[in-house]
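Protein chains: 2
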Amino acid sequence: MDQENIMNNSDDVHDIENEGLWDGKEIKRYWSEVSDKNITYKEPFLVKRTNTTSQIAIVGANVCPIESLDYDDPQSQIYAEIFWSLKLKVFKGFFMSGVGESLFNFSCHFFIITLTLKWFQCRYYKAFAAYAGCNVVLAAAAAVLCAFIAPAAAGSGIPEVKAYLNGVDAYSMLAPSTLFVKIFGSILGVSAGFVVGKEGPMVHTGACIANLLGQGGSRKYHLTWTWLRYFKNDRDRRDMITCGAAAGVAAAFRAPVGGVLFALEEAASWWRSALLWRTFFTTAVVAMVLRAFIQYCSTGKCGLFGEGGLIMYDVSSATSTYSGPDILAVIFLGIIGGILGSVYNYFVDKVLRTYSIINERGAVSKILLVIAISLLTSCCSFGLPWLVKCISCPTDLTVSCPTVGESGNYKGFQCPTGYYNDLASLFLNTNDDAIRNLFSTSTKNEFHISSLFIFFGAIYCLGIITYGIAIPAGLFIPVILAGASYGRLVGRLFESISTLDMGLYALLGAASFLGGTMRMTVSLCVILLELTNDLLLLPLVMLVLLISKTVADNFNKGVYDQILKIKGLPYLDAHAEPYMRHLVARDVVSGPLITFSGVEKVGNILHALQTTGHNGFPVIDEPPFSDAPELCGVVLRSHLLVLLKGKNFSKDRVVSGDDVFQRFAAFDFAKAGSGKGIKLDDLDIEEEEMEMYVDLHPITNASPYTVVETMSLAKAAILFRQLGLRHMCVRPPIVGILTRHDFMPEHILGLNPQYNE
Amino acid sequence: MDQENIMNNSDDVHDIENEGLWDGKEIKRYWSEVSDKNITYKEPFLVKRTNTTSQIAIVGANVCPIESLDYDDPQSQIYAEIFWSLKLKVFKGFFMSGVGESLFNFSCHFFIITLTLKWFQCRYYKAFAAYAGCNVVLAAAAAVLCAFIAPAAAGSGIPEVKAYLNGVDAYSMLAPSTLFVKIFGSILGVSAGFVVGKEGPMVHTGACIANLLGQGGSRKYHLTWTWLRYFKNDRDRRDMITCGAAAGVAAAFRAPVGGVLFALEEAASWWRSALLWRTFFTTAVVAMVLRAFIQYCSTGKCGLFGEGGLIMYDVSSATSTYSGPDILAVIFLGIIGGILGSVYNYFVDKVLRTYSIINERGAVSKILLVIAISLLTSCCSFGLPWLVKCISCPTDLTVSCPTVGESGNYKGFQCPTGYYNDLASLFLNTNDDAIRNLFSTSTKNEFHISSLFIFFGAIYCLGIITYGIAIPAGLFIPVILAGASYGRLVGRLFESISTLDMGLYALLGAASFLGGTMRMTVSLCVILLELTNDLLLLPLVMLVLLISKTVADNFNKGVYDQILKIKGLPYLDAHAEPYMRHLVARDVVSGPLITFSGVEKVGNILHALQTTGHNGFPVIDEPPFSDAPELCGVVLRSHLLVLLKGKNFSKDRVVSGDDVFQRFAAFDFAKAGSGKGIKLDDLDIEEEEMEMYVDLHPITNASPYTVVETMSLAKAAILFRQLGLRHMCVRPPIVGILTRHDFMPEHILGLNPQYNE
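Protein sequence lines correspond, in order, to chains P and C. Take the first sequence: its letter number 220 is residue 220 in the numbering used here, and every next letter is one higher. Take the second sequence: its letter number 33 is residue 1033 in the numbering used here, and every next letter is one higher.
What follows is the structure, given as structure tokens:
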């Protein structure tokens, strides 16, 4: 049973995995085939042009409290303070996985650089110049990294991780260079004051680290460990990447359970109970390490890192009693939030398509676009606070007002002592602090309605136009910011009938926006719970999420699904489309079919490998090896390459039997890292060998999943998706091979235009 | 395409569902077949005997604060107070489901009867007689309900729900009579002061209500609505039952997110994203309704119902800072908790097997067993508090000490004024209050170490011997009670090195026990979070759960999996056993295969239906209908019955074609409720019709899932399990049909004893 033992690697239960992944080449070929056929579907821009929609991300931001300046006003003192802190924290890389009972280790790094240029005198325009200049420099640095080193690092990264876990392994999506740019690009981008988050990039970072471990380290960068080779199969690699994504969310929101649920609800396409346990382990370790670092940093040793403790935006101090009118207000909040969320998705889609035209012109236009958006963001955050009046400080405060320092609720800006500028408190703060200010409880009148409206409008628009430029950029923070200001705004509008705290309105507004854009339910609910620690508000948060998701689902898809589509990643949905019920498997088979005999001529194999990009070939036994032509199984390209490399050829057309396995070890057939493994060029077949024969039986998967040609396409699609296949044979005995490509709506509707609406 | 349209009900994507369920008869036949073959596996007792492992459940309990009595002590006043409140609250039935975008309604009822016989004078033995007498009467009532009306209502109900969602529809498991007994039996059982919980029964209750809706109401009890017929298919019914189970947990623990996760992690075998959304909707409605009732009841109108608010055991007042030594103590707690949890499982298994011998003797022995356990429980809770010394009340209390009334931290019992009996505070309280007392924070020395030890020992043993008697009985409460007292005990032992609050130790102890017995992770974590509202302790709770689950997994399986096995429910595991890799599909095919021709004689069909219990038959086309014998498809028993009932017979062996569908509507083939649908006896075939022919093609599923006979059994098992099949054909063209039965380890190891360890 040697054959069976070796085939166990690719066969049996592992079949699911080994057949699962599509790489970048296949994706491009697929789209070029679609366009060759002159099918007029909306093609993704990123395939036609380059594989990079580019985008940005913020951690801290630039703070500039300026207290009364030379203003043609003789009695005012002339001084300006410019203070900005670059809070560079992102790299919390964690990885973890386990196979069987082995538990693996974990790492968490972070670094925070606080750079302060403080108390130097200047005028407003100098302050602006310094502020905008720093932003532009940081933004340009992020864009340069992204444009020249790893274009794949632009954007959120969550759609890419989602695609990988669905079985699409696009080129350099999880490469070490992407990891590097994702970390540093995100630090620079967030520091540059863009309206972007660090959450998506952290999910991508976690997945990249997991991938690095999953393919046995990186030989190119001399990061290899021998024990990692046990993960060298698709299943473990996929599990690791799921754990990495969970760890990313867990670290970004300090929400370990939320991380597990995010991985379950949004990231993973296939779920097993063992995976639940592994992600839970990963996030538990993240929680312990975060907790230790927060304790270590609680004395202020690490800049802004320790702030907020494990609960980032605590609102538990607010009284969470609510009654009929409050619920009415909350339902209104949910409905409008859902509509605004779907409108947000619509514009993100449009902007991404526009930007991809700009980005394809080359690295320089990418960088110029980033600089332009950076200048616009600086103008907004520095200019808009001038529009509002100064508000006198409340008298019953425990904190100083106006605040002097890097963060705080009451920014002085241009106002005299005893007054503060509420819009400056939101704009000229880190994004985290702005959210904390919006979520702050018992501060009903802190923000004027007009200020909230201006802030909401600005962040909503900036969020839309920022996603898509060539920097790593998360979507959570912009959505939470816009949602929280929207929620507070609604709270102010309903203040006559509702007694709910404004901080809770902000939380509910954020929930409604998140539900409206991302369309998650349980994971968002738990993440918000872990962010704010208000268990009593849970029923309302659930209600808002349900309403906004339901409303938004009537208009378009979730933002990550939209981005997946724009990027041209062939994502396989869990359910079959209705029209698939009227088609059968035969209807989507597209030719020509290339098959091998059980004992095939080396030349034929080499020719097939050279002329096609197919990953699997059916093997057919013909007389004299069988009575009638019958399907023997499917052979994989990678296994064929190993076999040809081994040169176990024979002059005659005979079955060689199992002795071929004395030449190969099971490990020779193990899955190689992406971009590794034997290439066609590595083969050195001589002319006389071309006429020799090689027995394919030992490396043939003798029991591929097959369907009968008259099977309903919907049923075949469910089988394909549930088992995570890469090839599926159509009987009798072999009519064709179905791949992911054949289940894409573009392909099916192209062949059967009658179902096209 | 009429045929296809009709077949779409059973075919296409719905195939998964329609083929999924095994009923009670099949299970019994399976086990009798296994025993016929003289295979010496541990057979479940419940199949050999009756289908009832019987067990008990508690909500409130009996409270008896007695303050100083005649005790040969002349100066003490002679009086006794007996007070007991029967807190009968269980029936919170909620159900909910949605198909597509339709959202459905929900109901939540509860009732609480508080019965107080207060301040009547007697001596201790009278008090005990009254206490034990009431308990026995209530217990006997529960046992009578259970033994005579619905034996299937005994026990937790979670294993049954789990089995249903895995595809096993045992007889009367979710019947209306079971629902009735589950509700009232649980109320009576909990009131009788047994060490049982209401959580499991509430999950079962939710599932029963969902099932009632899913099969279109109950015609027998005149509860039918026409709109319910849209749920009359397996997929929707299964979704509804998942939602019902989630609602049960959500209501029992007031933990909506925990309910969703419980349904996901423990209950459901197949998961889809649509299901996540539906369960989330269900539990959101449960949360809103619970919140409304709690607000309505906050003035004490509803007995004990409103107590604790949405957070049942709030520990958030404790300071959750911890350091190295605390973590060491917690690791110790987790390891020992895991060991104790697996020992608990071991004994529950043994006790269940012993009880099933007693229970099979008939209803009377069931009731006597319940009465015996009830007396033992009364003796323990009334007798053990005498063993401990009175403790003087702390001086810095905000509550009265000793407490007078139904619940409270400080029970007087036999102690003089100013003193309290700590063990009585635990025993003579409702289970909910006992847990609340154990979780109470800043009460370090309230319970003496010896009291905790006695309580822990008593509850541990009582919990083990109570599960299995003929009353509805949940396992959560006994495990939490034992775990919390164990945790507090460990806290006291470590008090010299650890500064963690005793209430938090109790929480961590409960987590370790839950992890050790139930082996869940994320759902327990979230349920505990929602029960106690201590987000800062989350990292430690995760750590404890991980450790205790890992430790316990080395010894045995989770308690629900064990009960499933004892009950003989053929649960299909998600992963294939290792020895299955060495077998192929052909190796497990058993029995004479019964096939039909495409156009078959009525007599043959009737004979096959009468002599076998098979649910599906392969249909084979032979000459003259095809060139060679080939598999045409699979026909279901229920569809055959409908066809025979329709009497569309012909004298000659000809294909009738699609005109048969002019006689039938698609709805005729819809899945009937359990126990309904056409029976074999309903057919009235005359003698001359027996020789006539009927065309099976129109009702044949022409594209059943097939595997080649040489496919690895592990691979076939994964296919069968992932798609939730009921039949799977083995080619070429038909070697046999594989069913759930053929993938059971008992069957496989019986045919292939060489893999038997």
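No residue lacks a Cβ here, since even glycine has one placed at the ideal position from N, Cα and C.
Could you please give the first and the last residue of the uninterrupted beta strand (DSSP E) stretch that includes residue i?
{"i": "P1654 (chain C)", "result": "Note that residue 1654 (chain C) is Val in the sequence shown here, rather than Pro. Taken as a continuous stretch (DSSP letters only), V1654 (chain C) belongs to no beta strand (DSSP E), as it is neither H nor E."}
{"i": "E1600 (chain C)", "result": "1599-1601"}
{"i": "V1694 (chain C)", "result": "1693-1695"}
So, does the CB of residue i fall closer than 7 Å to a CB anywhere in chain P?
{"i": "A1267 (chain C)", "result": "no"}
{"i": "R1291 (chain C)", "result": "yes"}
{"i": "V1526 (chain C)", "result": "yes"}
{"i": "V1522 (chain C)", "result": "yes"}
{"i": "W1277 (chain C)", "result": "yes"}
{"i": "Q1562 (chain C)", "result": "no"}
{"i": "F1128 (chain C)", "result": "no"}
{"i": "L1537 (chain C)", "result": "no"}
{"i": "L1138 (chain C)", "result": "no"}
{"i": "E1017 (chain C)", "result": "For E1017 (chain C), the predicted structure reports a pLDDT of 36, less than 50, and the residue's modelled location is therefore unreliable. The matter cannot be settled from this model."}
{"i": "F1260 (chain C)", "result": "Looking at the sequence itself, residue 1260 (chain C) is Val, so the reference to Phe does not match. So yes, V1260 (chain C) belongs to the interface."}
{"i": "A1247 (chain C)", "result": "no"}
{"i": "F1280 (chain C)", "result": "yes"}
{"i": "N1752 (chain C)", "result": "no"}
{"i": "L1165 (chain C)", "result": "no"}
{"i": "N1345 (chain C)", "result": "no"}
7 Å is my cut-off, CB to CB: does residue i come that close to chain C?
{"i": "F110 (chain P)", "result": "With a pLDDT of only 27 at F110 (chain P), under 50, the local geometry of the prediction cannot be trusted, and the value read off the model is given with reservation. Not closer than 7 Å to any Cβ of chain C, the Cβ of F110 (chain P) fails to qualify, so no."}
{"i": "M765 (chain P)", "result": "With chain P running from 1 to 757 in the structure shown, residue 765 (chain P) is simply not present."}
{"i": "M542 (chain P)", "result": "yes"}
{"i": "F180 (chain P)", "result": "no"}
{"i": "V257 (chain P)", "result": "yes"}
{"i": "A284 (chain P)", "result": "yes"}
{"i": "L723 (chain P)", "result": "yes"}
{"i": "G98 (chain P)", "result": "With a pLDDT of 24 at G98 (chain P), under the threshold of 50, the modelled position of that residue is not reliable, and no figure is offered here."}
{"i": "Y755 (chain P)", "result": "no"}
{"i": "L546 (chain P)", "result": "yes"}
Give me the DSSP bridge partner(s) of residue i.
{"i": "L1631 (chain C)", "result": "C:I1620"}
{"i": "K761 (chain P)", "result": "A question about residue 761 (chain P) goes unanswered here, because the residues of chain P that appear run from 1 up to 757."}
{"i": "G1197 (chain C)", "result": "C:G1474"}
{"i": "S392 (chain P)", "result": "P:Y419"}
Starting from residue i, trace the alpha helix (DSSP H) in both directions and tell me its first and last residue.
{"i": "T706 (chain P)", "result": "From DSSP, T706 (chain P) is part of no alpha helix (DSSP H) but of the beta strand (DSSP E) over 706-708."}
{"i": "F494 (chain P)", "result": "Counting along the chain, F494 (chain P) falls outside any alpha helix (DSSP H), and DSSP gives it neither H nor E."}
{"i": "G341 (chain P)", "result": "324-359"}
{"i": "N1135 (chain C)", "result": "1124-1144"}
Minimum length 4: unbroken alpha helix (DSSP H) runs contained in the stretch 1717-1754 of chain C = Those alpha helix (DSSP H) runs which fall completely within the stretch 1717-1754 of chain C and span 4+ residues are 1745-1751.
request  = Check distances from the C-beta atoms of the stretch 1691-1720 of chain C to those of chain P and list, in chain order, the residues that come in under 8 Å.
outcome  = Taking 8 Å as the Cβ-Cβ cut-off against chain P, the residues of the stretch 1691-1720 of chain C that qualify are A1702, S1703, Y1705, T1706, V1707, V1708, T1710, M1711, S1712, A1714, K1715, I1718, L1719.
request  = Mind checking the stretch 593-627 of chain P against chain C and listing, in chain order, the residues whose C-beta falls within less than 9 Å of any C-beta there?
outcome  = Flagged: no residues at all.
ask   = Going along the stretch 1574-1585 of chain C in order, which residues come within less than 9 Å of chain P, judged by CB to CB distance?
value = Those residues of the stretch 1574-1585 of chain C that come within reach of chain P (Cβ to Cβ, closer than 9 Å) are A1574, H1575, A1576, M1580, R1581, H1582, V1584, A1585.
query = If contact means a Cβ-Cβ distance below 7 Å, which residues of the stretch 309-337 of chain P contact chain C?
reply = If the cut-off is 7 Å between Cβ atoms, the stretch 309-337 of chain P has L310, I311 near chain C.
key: Members of the stretch 1726-1742 of chain C near chain P, C-beta cut-off 7 Å   = Those residues of the stretch 1726-1742 of chain C that come within reach of chain P (Cβ to Cβ, closer than 7 Å) do not exist; the list is empty.
message = So if I threshold CB-CB distances at 9 Å, which residues from the stretch 421-438 of chain P count as touching chain C?
response = If the cut-off is 9 Å between Cβ atoms, the stretch 421-438 of chain P has nothing near chain C.
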